[in-house]
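Everything below concerns the one structure shown next.
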Amino acid sequence: MTSTKSILMILATALLAWLAMPAARAQSYAFGVKGGPSLCFQRWGEGNRDVLWAHHATVFIESAPPISQGVIYAQAGYHVRGSALRFQAINVNNIFLGQRTDEFRYNNLSVAVGFKKRYATGIGVAYYLFGLRGDYTLNTNLKDYEEFVANGLIYPTDAWVRKFNYGLSLGGGWEIPLGDYISGLIEISFHPDFSRQYDQPSIPNVIDPFFPGTTRTIPDRRIVNYTGEISFGLRFLREIEYID
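Here the numbering used here is used: the first residue of the sequence shown is 502, the next is one more, and so on.
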């Protein structure tokens, strides 16, 4: 946990330093907003869960050198991580009651710093990006399933949620000019975590609700996030020119 906090502090410091750099160095820079749908996946140790459809919103700032040069960027935003469990509900008489979906949402504040490479094309600018990312979990919806946990079902609980996590951000996109100093953008990105969003050890002597009078051991559970995002946004250029 200490190492994860250290990584997040480094990322936050780098973000703040970069925000101050354009003004301090009087260089051109770009900034903007982006957001859209998220496809959230999790590996639950014993296997993967179903996709959770969610959303994200981000603000960003980046250097604005000539297109042939690399770009340094920083961004911060709200990102939902998690997964879902979908199954068919059947009553004691084996009558189908419909499809049920249980969603496990982790609402995270995310910061990232990284490198972007841009390429001029006939109708805009294409780019790819690579960055280091840190997340802080603001809250979850796991309390919605406390009744199931009390009855012995093996659902996550807030007790084992790790607040601080880190990983990579990879992606690419397209900037479409809308004017001299404004562009629309479309971006596809992938955000795998290196750390565990949820880290529960094995729990012995749990009463088995299906076999009264007996106990069982709940195995350990390590949950890791993998999130894909599709973003739509606006990029604004602040250009500084020097006149002799």
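Where is the CB? At the ideal position from N, CA and C, for every residue including glycine.
Nearest-angstrom Cα separation, counted from residue j out to residue i
i	j	result
P566	I683	16 Å
L630	G571	10 Å
N726	V612	16 Å
I568	N609	33 Å
F692	Y699	A small correction: the amino acid at residue 692 is His; Phe does not occupy that position in the sequence shown. One C-alpha to the other measures close to 17 Å.
R736	H580	20 Å
K664	F588	29 Å
Y607	D694	13 Å
G497	L738	The chain is shown only over 502 to 745; residue 497 falls outside these bounds and no answer can be derived.
E740	V614	22 Å
R723	A660	13 Å
S539	D645	22 Å
L643	I573	37 Å
V707	G714	11 Å
G632	F616	6 Å
G599	T658	26 Å
H556	T718	36 Å
R619	N549	35 Å
Y628	A621	9 Å
Y656	L639	20 Å
Q528	E648	56 Å
I591	A531	55 Å
W545	F712	25 Å
G635	D551	24 Å
Element boundaries [beta strand (DSSP E), containing residue i]
i	result
I485	Coverage of the chain is limited to positions 502 through 745, which leaves residue 485 absent and any answer about it impossible.
F733	722-739
T685	Note that residue 685 is Gly in the sequence shown here, rather than Thr. Run containing G685: 683-693, per the beta strand (DSSP E) assignment.
S703	Note, S703: premise wrong, no beta strand (DSSP E); not H, not E.
F532	530-544
I624	That residue, I624, is in no beta strand (DSSP E); it is neither H nor E in DSSP.
T718	716-719
CB-CB length for residue i against residue j, believed under 8 Å
i	j	result
G625	W675	6 Å
E688	G668	17 Å between Cβ atoms; not a contact.
S690	S670	6 Å
C541	G578	Actually they are not in contact, since the Cβ atoms of C541 and G578 sit about 15 Å apart, beyond 8 Å.
F561	G533	6 Å
A575	D603	The Cβ separation is near 36 Å, so there is no contact.
D681	Q701	Rounded, the Cβ-Cβ distance is 54 Å, inconsistent with contact.
One or two residues paired with residue i in a DSSP bridge
i	result
S670	G632
A577	V560, V612
T638	N609
L553	C541
D603	L586
W675	A627, I687
K617	V572, L630
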